[in-house]
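Here the structure is laid out as structure tokens; the discussion comes afterwards.
So this is what it looks like as structure tokens:
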């Protein structure tokens with residue numbers, strides 16, 4: 459009952475500066491729900507999780523430390539994070555967020571070397587470490603460089619963020635084979651190959667975290683984006699499969715589905731179309747890259763996220779509620 463009431467509250471009471479959440483008790487199979495009303499006017503610093511790693515029981519009667527423990531993230535060696543497509547946009551925000559929290563970051567670019575070097579410079583200035591690796595993520599032979607460079611420099615890979623993506627928008631009837639394939643290659647196949655490479659390393663470590671950037675388009679579809687929607691929906695299915703296959707090895711896999719995020723592209727939208735877009739967003743505004751980055755950091759580095767796997771977190775202002 460509460461799971462159905464809260465989406466209605468989030469949509470119907472826009473004047474409240476609050477958020478509504480529903481968490482189901484243990485034993486129920488439906489995922490926890492989270493819904494928002496209007497944007498909160500301030501932020502709250504939550505208490506830090508316990509500094510002590512906890513032993514958690516796994517199936518077949520074994521116990522061991524949960525994946526990416528507090529020691530790895532806060533009290534010991536900084537995690538090594540690979541962020542694909544991180545020279546600009548959301549990927550840049552993710553790389554900077556992880557780096558500012560002490561991570562060792564592999565900054566990836568396809569063509570913007572100078573921009574990637576600037577991201578790495580900012581990470582170092584914020585107290586993190588960074589290297590820059592150029593690779594076209596649609597080519598399996600190139601993306602392998604990300605992992606060889608990371609292990610050569612730091613000896614391990616703790617976190618993979620699959621962020622790189624492209625669009626080739628057009629209606630289905632007009633979509634050419636190369637427009638379809640280019641998006642599938644970069645937005646889905648590259649995620650698979652990068653994940654496969656990461657799992658070879660993380661499997662030996664017996665821990666790791668994978669975060670895949672999907673989209674609300676992969677959940678709800680969108681006219682003119684059949685290729686993009688198919689790829690992003692595939693990312694969610696892949697994420698769940700990885701989560702099921704690799705949970706016994708202490709590896710978590712989750713997806714994040716952003717909605718409309720402020721960018722150079724959104725700044726060029728005609729005001730009359732923008733008004734229509736904002737009406738589809740209960741929070742009534744575009745998201746910011748740092749809001750997606752914060753969600754990634756939680757799943758990638760926070761000890762409290764060690765028990766979360768196979769989930770899709772919507773960062774969309776309430777656009778999709780199901």
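Numbering (my numbering), first residue to last: 459 to 780. Each residue gets a CB set at the ideal place from its N, CA and C atoms; glycine is no exception. Since this is a predicted model, take the numbers as computed values, not measurements.
If you follow the beta strand (DSSP E) that residue i is part of, which residue opens it and which one closes it?
i, result
"residue 587", "587-592"
"residue 667", "666-671"
"residue 571", "Note, residue 571: premise wrong, no beta strand (DSSP E); alpha helix (DSSP H) at 571-583."
"residue 715", "709-716"
"residue 770", "770-773"
Considering only C-alpha positions, which residue in the set the options is nearest to residue i?
i, options, result
"residue 747", "724, 656, 565 and 769", "724"
"residue 556", "588, 663, 572 and 768", "588"
"residue 759", "609, 737, 780 and 709", "709"
"residue 552", "684, 714 and 767", "714"
"residue 693", "568, 672, 731 and 704", "672"
"residue 705", "766, 659, 729 and 643", "766"
"residue 743", "718, 730 and 630", "718"
"residue 586", "569, 609, 538 and 548", "538"
"residue 659", "612, 628 and 646", "612"
"residue 678", "702, 578, 707 and 777", "777"
"residue 648", "599, 684 and 699", "599"
"residue 674", "603, 722, 739 and 701", "739"
"residue 645", "602, 554 and 596", "596"
"residue 661", "770, 643 and 700", "700"
With DSSP as the reference, label residue i as helix, strand or coil.
i, result
"residue 737", "helix"
"residue 761", "helix"
"residue 566", "strand"
"residue 621", "coil"
"residue 631", "helix"
"residue 615", "coil"
"residue 778", "coil"
"residue 766", "coil"
"residue 752", "helix"
"residue 731", "helix"
Could you please give the first and the last residue of the uninterrupted alpha helix (DSSP H) stretch that includes residue i?
i, result
"residue 696", "684-704"
"residue 657", "648-663"
"residue 677", "675-678"
"residue 551", "547-558"
"residue 724", "722-725"
Does the ligand NAD have a heavy atom nearer than 7 angstroms to the CB of residue i?
i, result
"residue 605", "Summarising the ligand content, the structure contains no ligands, and the ligand NAD is consequently not present."
Any contact of the region 673-693 with the region 560-578, i.e. 3+ C-beta pairs under 8 angstroms? no
Are the region 613-624 and the region 665-676 touching by the rule of at least three beta carbon pairs closer than 8 angstroms? yes
On the three-pair Cβ rule with 8 angstroms, is the region 733-743 touching the region 622-636? no
Closer than 8 angstroms is the cut-off here; do at least three beta carbon pairs connect the region 543-550 with the region 572-585? yes
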